[in-house]
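As you go down the protein sequences, you meet chains B and U in turn. Sequential numbering from 1 applies to the first sequence in the working numbering. Sequential numbering from 1 applies to the second sequence in the working numbering. In this text, a Cβ means the ideal position worked out from N, Cα and C, and glycines have one as well. Just so we're clear, the structure is a prediction, and the values are computed from it rather than from any experiment. Notes for the one structure printed next.
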Amino acid sequence: MSTAMTELHEGTAGQWAGDEKWDLRLYIAGQTPKSVAAFNNLKRICEEHMPGRYRIEVIDLLENPRLAKEDQIVAIPTLVRKLPQPLRKIIGDLSDTERALVGLQLRPRA
Amino acid sequence: MLDEPEIAERLAARMPDPSRPGTDDPERALPKVATGIAGLDEVLRGGLPAGRPTLVCGGAGCGKTLMSMEFLVRGALEFGEPGAYISFEETEHELSQNVRSLGFDVDALVREGKLVFDHVRVERQEIEEIGEYDLDGLFVRLGLAIDAVGARRVVLDTIESLFSGFSDMAVLRSELRRLFAFLKARGVTTIVTGERGDGTLTRQGLEEYVSDCVILLDHRVHDQVSTRRLRVVKYRGTAHGTNEYPFLIDEDGFSVLPLTSIGLGHTVSDERITTGIRRLDNMLGGQGYYRGSTILISGTAGSGKTSLAAHFATSVCARGERCLYLAFEESPDQITRNMRSIGLDMATPVRQGLLRIESARPTLHGLEMHLAQIHRAVEQFDPHAIVIDPISNLSTAGVALDATAMLLRLIDFLKVRGTTALLVSLTGGEAAIEVSGQGVSSLIDTWLILRDLEAGGERNRGLYVIKSRGMAHSNQIREFLITNEGIQLQDVYVGPEGVLTGSLRAQQEARERAAAVAREQDARRRQRDLQRRRAAVEAQIAALQAEFAALDEEGRVSTTEHDARSAIIQTERDAAAGRRGADTAASAPGSNP
């Protein structure tokens, strides 16, 4: 992981594809192990389930602390699914892939 | 009105503090941050621990938020310490609205960069927890808020909301520990609020993280009257007041009444002030009350307590001093009108600003509110004397024990200020009149009792001094009349069955007048007698003199007659002798007339 994390990470196609576009935002506070794990887990899930239809915006609150207030971020890491609607918030490093898929509503609740 | 340093000075000078010197020594003590909240700094002996978190806990609606907010606002306004308010429950707008009623313009402080808000919203249902997390976002926001204004004071209200927002207790607890360490490291003085739990200070055991200072707020309702209390549960490394202190929240904010912390170290005055009634002054060693003393007037209904108090009040104002008259039974207008009927002008001193009459129903508030209002009135008006009419009614605003405690505090407060206090107490019906002190009689310096004296089918007013410390005082029961010219004490008539009052006294007076008239008549009669006898004697003398003169005259006449007769006899004898030719020498003159 590098400073590139604060930039947009788009799917391999580099553009929106399909009906469902995924706009994700990952809030971190510095490059902590939990944040790194969260990013890697998220990236993997996206590549597997929505290749080319997602973008991940990583926001480092140490660099943009105001966004913590504006976006009501308390826990780190926090993943916000801006699209598709409705907005969802998931906290944690997404280490449990099954639950992460449920959380992202990529899979119905068991 | 006392300001902070003065209070501190007074306390330092007068309060024998068992913990001093040592832990509370200003040089060595824990550095403290004054909250600026009225009375609280006195209880905390200076304020909250500087640069450390303090836990303020209590049930819902006990005033945690307002206290926290005032801590920040006062810090910003009075101590030049900017503040950060991290709210977990209310939005900035809600908070700002809530404290506007206390006279705090939070929005202005925010605009001036003296205060910053952050509303941390934690909604459990919006958040899914997957994997490990921490609360770095909160730390970022806290750091941002502190840096935004250079905050020296921080409030977290109430951080317990986090417990309902997150499910991983282990994470929460370690994060809380980290949070307090963070706050300490930043050197900010923090108030953390917590909801009171069942049998614990806070539901989530926050007291376990905040070990320096814990303040408990309580709001209880007794007999439909609410009272608020504050207690410093612990304050590590420093002395602090340990009692439950009443506090209130009103239009001027939060205030704590730390009165029990005042000792008996007050100075006393030797100056005497009039009671407003000359003959009552005479009963009190001729000079009246001591300035700064506490006077209790107790008596049954209609015995003239208010009139006596009004006399005192007007006499205070007549000297150009200020008097505060707290009426719990009558409105200011009513008192003014009633006193006018006995010739006391209370309207003029009111206009002059020397007399302030404040009325309130005792049941209007709890005792603490009353006490606090009296405090505030005293501090604003700074009166030389205060009349509370009556104190007995205050017990209807709370339980008797509380009323007594409140009065003790009030009397202490007034004594320390050197304010002369005249308390009026109503004694109910058959209760022993001496039991009317509302449990404060030991604090009373001068105690006057007004009582009904029933005799001769009448009810009259009697007054006596049950005690008066530090002065010779009359032991008489005096009757007093309420006349058009105010209260007048009457002379004492002691009859076979005690003091004579009313008609009996009038009868006695009449009898004495009659006796005096009789004595005078008697004297005049004797005088007349004497004169008559003298006149008689003089007449006798005159008669005797006349007699004497008559006798004298008679004597002279008879001598002349005798001489004449003798001469005639002689002449005749001479003639006879001549005719007989007898020897005249042979015959003795007068021997044969």
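Problem set entry | Q31 (chain B): contacting residues in chain U (beta-carbon distance under 7 Å) | Here the premise fails: no neighbours, minimum Cβ distance about 12 Å.
Exercise. Name the chain U residues that come within less than 9 Å of Y54 (chain B), Cβ to Cβ?
Worked result: What Y54 (chain B) touches in chain U: nothing, since even the nearest Cβ is about 17 Å away.
For this session: Compare the C-beta of F166 (chain U) against all C-beta atoms of chain B and say whether one is closer than 8 Å.
Result: Chain B, which has a Cβ nearer than 8 Å to the Cβ of F166 (chain U), makes this yes.
For this session: Could you tell me whether the Cβ of R121 (chain U) comes closer than 8 Å to any Cβ of chain B?
Result: So yes, R121 (chain U) belongs to the interface.
For this session: For the alpha helix (DSSP H) containing S161 (chain U), list its first residue and its last residue.
Result: Segment 161-165, the alpha helix (DSSP H) holding S161 (chain U).
Exercise. Quick one: complete beta strand (DSSP E) runs, 3+ long, within the stretch 54-102 of chain U?
Worked result: At a cut-off of 3 residues, the continuous stretches assigned as beta strand (DSSP E) that sit fully inside the stretch 54-102 of chain U are 83-87.
For this session: Given a cut-off of 8 Å, decide if S95 (chain B) and E132 (chain U) are closer than it, judged by their beta-carbon atoms.
Result: Cβ distance < 8 Å, so E132 (chain U) and S95 (chain B) count as in contact.
Exercise. First and last residue of the beta strand (DSSP E) that includes G462 (chain U)?
Worked result: G462 (chain U) -> beta strand (DSSP E) spans 458-468.
Problem set entry | For V43 (chain U), the nearest candidate out of U:K114, U:V233, U:V192 (CA to CA) | That would be U:V233, whose Cα lies nearest to the Cα of V43 (chain U).
Problem set entry | Integer Cβ distance of G51 (chain U) from G187 (chain U), believed to fall under 8 Å | That pair is a contact at about 4 Å.
Exercise. From F166 (chain U) to I391 (chain U), what does the alpha carbon distance come to, in whole angstroms?
Worked result: Cα-Cα distance, rounded: 53 Å.
Exercise. Is DSSP giving T12 (chain B) helix, strand or coil here?
Worked result: Caution applies to T12 (chain B), whose pLDDT of 46 falls short of 50 and renders its modelled position unreliable; the value that the coordinates give is listed next. If DSSP states are grouped into helix, strand and coil, T12 (chain B) belongs with coil.
For this session: Measure from the alpha carbon of P82 (chain U) to the alpha carbon of each residue in U:A535, U:R74, U:R573, then state which is nearest.
Result: Among U:A535, U:R74, U:R573, the Cα nearest to that of P82 (chain U) is on U:R74.
Exercise. With C-beta atoms as the reference, is T420 (chain U) less than 8 Å away from G292 (chain U)?
Worked result: A contact, by the Cβ cut-off of 8 Å.
Problem set entry | Start-to-end residues for the alpha helix (DSSP H) that takes in E57 (chain B) | In this chain, E57 (chain B) is not harboured by any alpha helix (DSSP H); it is covered by the beta strand (DSSP E) spanning 54-60.
Exercise. Taking the alpha carbon of T597 (chain U) as the point to measure from, which residue in U:G194, U:E208, U:Y209 has its own alpha carbon closest?
Worked result: As displayed, chain U neither begins before 1 nor continues past 593, which places residue 597 (chain U) out of reach and without an answer.
Problem set entry | Simplified DSSP state of A549 (chain U), which is helix, strand or coil | The three-state reading of DSSP puts A549 (chain U) in helix, counting H, G and I together.
Exercise. Applying a beta-carbon distance threshold of less than 7 Å, which residues of chain U neighbour R99 (chain B)?
Worked result: Listed along chain U are I130, each with a C-beta nearer than 7 Å to that of R99 (chain B).
Problem set entry | At least 3 beta-carbon pairs within less than 8 Å: the stretch 279-292 of chain U vs the stretch 468-481 of chain U | The stretch 279-292 of chain U vs the stretch 468-481 of chain U: in contact.
Problem set entry | Bridge partner(s) assigned by DSSP for R356 (chain U) | For R356 (chain U), which the question treats as bridged, DSSP gives the partners U:L324.
For this session: Taking D412 (chain U) as the reference, give the member of U:I477, U:E70, U:S442 with the closest Cα.
Result: Per the C-alpha coordinates, the member of U:I477, U:E70, U:S442 positioned closest to D412 (chain U) is U:S442.
Problem set entry | Alpha carbon of S161 (chain U) to alpha carbon of T91 (chain U), nearest angstrom | Distance between the alpha carbons of S161 (chain U) and T91 (chain U) is about 14 Å.
Exercise. E195 (chain U) versus chain B: which residues are under 9 Å apart at the beta carbon?
Worked result: Taking a Cβ-Cβ threshold of 9 Å, none of the residues of chain B is close to E195 (chain U); the smallest such distance is about 19 Å.
Problem set entry | Contact with chain U by S95 (chain B), beta-carbon distance below 8 Å | Answer yes: the Cβ-Cβ gap between S95 (chain B) and chain U drops below 8 Å somewhere.
Exercise. Roughly how many angstroms separate the alpha carbons of R361 (chain U) and A170 (chain U), rounded to a whole number?
Worked result: Their Cα atoms are separated by approximately 53 Å.
For this session: Please list the partners that R66 (chain B) has in chain U, where partner means a Cβ-to-Cβ separation under 8 Å.
Result: For R66 (chain B), the residues of chain U that pass the 8 Å Cβ criterion are L144, in the order they occur in the chain.
Problem set entry | Pick from U:G137, U:F88, U:L48 that is closest to G92 (chain B), judged by C-alpha positions | Restricting attention to U:G137, U:F88, U:L48, the CA atom closest to the CA of G92 (chain B) is found in U:G137.
Problem set entry | Status (buried if at least 16 other CB within 10 Å, exposed otherwise) for F71 (chain U) | Label assigned to F71 (chain U): buried.
Exercise. Is T294 (chain U) helix, strand or coil when you go by DSSP?
Worked result: In the structure shown, T294 (chain U) sits in a strand (DSSP, three-state: E or B).
Exercise. Taking Cβ-Cβ distances shorter than 8 Å, what residues in chain U pair up with L42 (chain B)?
Worked result: Neighbours of L42 (chain B) across chain U, judged by C-beta separation under 8 Å, do not exist; the nearest C-beta is about 11 Å away.
For this session: Give the interface partners of Y209 (chain U) over in chain B, defined as CB-CB distance under 9 Å, in chain order.
Result: What Y209 (chain U) touches in chain B: nothing, since even the nearest Cβ is about 18 Å away.
Problem set entry | Short Cβ contact (8 Å threshold) for L61 (chain B) with A68 (chain B) | Yes, the Cβ-Cβ distance between L61 (chain B) and A68 (chain B) is below 8 Å.
Problem set entry | Contacts of L62 (chain B) in chain U (Cβ-Cβ under 8 Å) | What L62 (chain B) touches in chain U, judged by beta-carbon distance under 8 Å, is V140, going in chain order.
Problem set entry | Nearest to F117 (chain U) (by Cα), restricted to the options U:G197, U:I86, U:G276 | Nearest to F117 (chain U) by C-alpha distance, out of U:G197, U:I86, U:G276, is U:I86.
Exercise. Among the residues of its own chain, which have a CB less than 6 Å from the CB of I297 (chain U), if the five just before and after it don't count?
Worked result: Within the same chain, Cβ atoms closer than 6 Å to the Cβ of I297 (chain U) are found at K305, L308, V424, L448, the five residues on either side in sequence being excluded.
Problem set entry | H311 (chain U) (DSSP reduced to helix, strand or coil) | Three-state result, H311 (chain U): helix.
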